[in-house]
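In what follows, a single structure is set out as structure tokens and then discussed.
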Amino acid sequence: MSREFDILDRDSDVLSEAMKIRFFPFVLDRQAGATLTSVDGDELIDFTSAWAVANTGYRHPTVVDALRNQLDRALANSPISLPHGSVVQLAERLRDRLDAGYPTKVWFGHSGSEAGDLLSKAIPTTGDGDVVVNFEGSYHGITAGAAAISGHSAQAGVESEDVVTLPFPDQYRSYLDPDALADTALEAVAEAFETHDIAGLITEPLQSDGGILVPPDGFLEGLADLCTDNDAYFVVDEVKAGLGRTGEFFAFEHADVEPDAIMLGKPLGSGVPISAVVGRAELVDYEPASHMMTTAGGPLSAAAGLATLDVIEAENLSKRAARLGDHLSDVLADLAADSPVVGDVRGRGMMQGVELVEAGTDDPSHDLAARVCLWARRRGLAVFYVGLHSNVLELTPPLTISKTDLDTGVDRLAGAIEDAQTKTLDPALLERYAGW
Numbered sequence: 004m005s006r007e008f009d010i011l012d013r014d015s016d017v018l019s020e021a022m023k024i025r026f027f028p029f030v031l032d033r034q035a036g037a038t039l040t041s042v043d044g045d046e047l048i049d050f051t052s053a054w055a056v057a058n059t060g061y062r063h064p065t066v067v068d069a070l071r072n073q074l075d076r077a078l079a080n081s082p083i084s085l086p087h088g089s090v091v092q093l094a095e096r097l098r099d100r101l102d103a104g105y106p107t108k109v110w111f112g113h114s115g116s117e118a119g120d121l122l123s124k125a126i127p128t129t130g131d132g133d134v135v136v137n138f139e140g141s142y143h144g145i146t147a148g149a150a151a152i153s154g155h156s157a158q159a160g161v162e163s164e165d166v167v168t169l170p171f172p173d174q175y176r177s178y179l180d181p182d183a184l185a186d187t188a189l190e191a192v193a194e195a196f197e198t199h200d201i202a203g204l205i206t207e208p209l210q211s212d213g214g215i216l217v218p219p220d221g222f223l224e225g226l227a228d229l230c231t232d233n234d235a236y237f238v239v240d241e242v243k244a245g246l247g248r249t250g251e252f253f254a255f256e257h258a259d260v261e262p263d264a265i266m267l268g269k270p271l272g273s274g275v276p277i278s279a280v281v282g283r284a285e286l287v288d289y290e291p292a293s294h295m296m297t298t299a300g301g302p303l304s305a306a307a308g309l310a311t312l313d314v315i316e317a318e319n320l321s322k323r324a325a326r327l328g329d330h331l332s333d334v335l336a337d338l339a340a341d342s343p344v345v346g347d348v349r350g351r352g353m354m355q356g357v358e359l360v361e362a363g364t365d366d367p368s369h370d371l372a373a374r375v376c377l378w379a380r381r382r383g384l385a386v387f388y389v390g391l392h393s394n395v396l397e398l399t400p401p402l403t404i405s406k407t408d409l410d411t412g413v414d415r416l417a418g419a420i421e422d423a424q425t426k427t428l429d430p431a432l433l434e435r436y437a438g439w
């Protein structure tokens with residue numbers, strides 16, 4: 004038995020199923036740049052960035068050096084009671100990067116879910132109403148409060164009577180042109196403001212787990228205007244799309260809006276757990292000592308956050324993501340043109356979605372997506388899928404990936420899509436790696 008299969012058997016025996024979404028058999032040993040190496044020596048080009056965590060690539064030297072230097076100074080400290088300079092500096096840099104026209108403060112946690120939890124408490128507590136508006140397909144975290152303000156089908160059963168969930172404009176399956184689609188979605192939001200006492204609205208600038216849905220031009224501006232007109236908070240979730248991935252430092256910068264708060268997470272620590280909410284002081288401050296975690300913003304995570312910002316700025320990763328993203332979009336369009344099962348390609352920058360359908364239709368195919376991920380692993384590519392129908396391949400490579408590896412990865416993806424249509428897999432393997 005290989006080391007990989009041995010560890011996978013032990014993993015199945017001991018690790019909770021509540022913490023798993025598995026797409027193919029693989030046990031990680033090493034990472035570097037945009038490459039994953041298994042315990043058996045297999046190498047995969049990575050199109051996942053560990054769920055959009057590794058924007059700076061795996062083990063970027065600047066981040067690794069910062070962590071080593073921090074280990075020589077301090078490791079265990081709780082900013083709840085004893086501040087340290089790096090967490091203050093990181094907060095200042097995030098505040099300055101947002102450059103909002105209002106007094107701004109920063110809250111730190113470990114995960115996007117904790118950030119979503121903060122906002123699930125703070126918006127109705129601080130706002131003029133008691134209802135939060137969100138959108139179908141939105142994913143703001145998996146903890147109770149964050150899940151309650153989410154609208155993803157994977158979180159059914161955690162709805163709250165104080166949350167109104169509205170349709171998010173999906174351009175692929177709409178019969179309306181983009182302007183009319185945006186207007187229709189905004190009319191539903193306006194009606195919600197008329198019929199509910201709304202404290203605030205939360206949205207992703209483009210939906211990630213909902214299926215890489217890019218809203219029509221004017222949609223975010225319309226949401227911001229409605230919030231302004233109704234004295235409600237306008238909050239943007241940048242946990243997955245932020246920090247350069249879409250071609251702008253913040254994904255909301257593709258629109259002409261100023262959010263009252265933004266959620267940050269995943270890529271902020273380049274692999275070290277850290278999240279943040281950056282926004283209006285009265286919202287982030289909403290109640291002293293009400294949402295604190297002992298190790299949040301600790302020395303190691305603050306050092307990782309500062310180093311991550313250094314890399315993004317020094318290497319101009321936002322512009323690089325825009326440039327490589329344009330190329331990725333073009334080659335994926337070519338792939339779609341040659342494939343009867345690729346219904347749509349969409350995204351921004353290095354956040355692209357490939358929607359898989361039954362051949363000759365627009366019907367989503369979860370089974371095909373699951374098979375593509377398995378065949379891609381065999382060809383040397385790591386790719387996951389998302390979407391309300393679990394049929395959209397999510398392509399989020401590290402922003403540092405070389406163009407050669409990017410092109411090779413797309414070639415391997417094209418081969419995997421062909422394999423999934425023409426070859427068979429063990430049904431037990433498909434059942435074990437059914438994703439979500």
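Each residue of the sequence shown is one higher than the one before, starting from 4 at the first, in this note's numbering.
Idealized CB from N, CA, C, for every residue including glycine.
These numbers were taken from a predicted model, which means no experiment stands behind them.
For residue 148, there is no enclosing beta strand (DSSP E); the residue is part of the alpha helix (DSSP H) that begins and ends at 147-151.
Within the stretch 354-425, the complete beta strand (DSSP E) segments of 3 residues or longer fall at 354-359, 387-389, 395-398, listed in chain order. Note on residue 397: 16 or more other CB atoms within 10 angstroms of its CB, so buried under the neighbour-count rule.
Rounded to the nearest whole angstrom, the CA to CA distance from residue 271 to residue 77 is 20 Å. Here residue 33 carries a strand assignment [DSSP, helix/strand/coil]. Between the stretch 239-252 and the stretch 170-179, the count of Cβ pairs shorter than 8 Å is below three; the stretches do not touch. The alpha-carbon separation between residue 248 and residue 156 amounts to approximately 25 Å. A residue is called buried once 16 or more other Cβ atoms fall within 10 Å of its Cβ, and residue 311 is buried on that count. Contact between residue 98 and residue 109 holds: their C-beta atoms lie close to 6 Å from each other, under 8 Å.
In the DSSP assignment, residue 138 falls within the unbroken beta strand (DSSP E) covering 134-138.
Rounded to the nearest whole angstrom, the C-alpha separation of residue 12 and residue 175 is 41 Å. In this structure, residue 50 and residue 384 form a Cβ contact; the two beta carbons are roughly 6 Å apart against a cut-off of 8 Å. Restricting attention to 287, 286, 284, 267, the CA atom closest to the CA of residue 278 is found in 267. Counted as a single uninterrupted DSSP element, the stretch harbouring residue 439 is not any beta strand (DSSP E), since DSSP gives it neither H nor E. Here DSSP, grouped into helix, strand and coil, assigns residue 304 to helix. In this model, residue 230 and residue 390 are separated by some 27 Å (Cα to Cα). Residue 255 sits in a helix when the DSSP states are folded into three classes. Ranked by Cα distance from residue 131, the options 38, 233, 166 are led by 233.
By the Cβ criterion, the stretch 190-210 is in contact with the stretch 127-144, since at least three pairs of Cβ atoms, one from each stretch, lie closer than 8 Å.
Inclusion of residue 246 and residue 327 in the CB contact set at 8 Å is not warranted, their separation being larger than that value. The stretch 248-262 makes no contact with the stretch 336-346: fewer than 3 CB pairs, one atom from each, lie closer than 8 Å. Remark: C-beta atoms of residue 145 and residue 116 approach each other more closely than 8 Å.
Using a Cβ distance threshold of 8 Å, residue 350 and residue 365 do not count as a contacting pair. Pairing residue 208 with residue 236, the inter-Cα distance amounts to about 15 Å.
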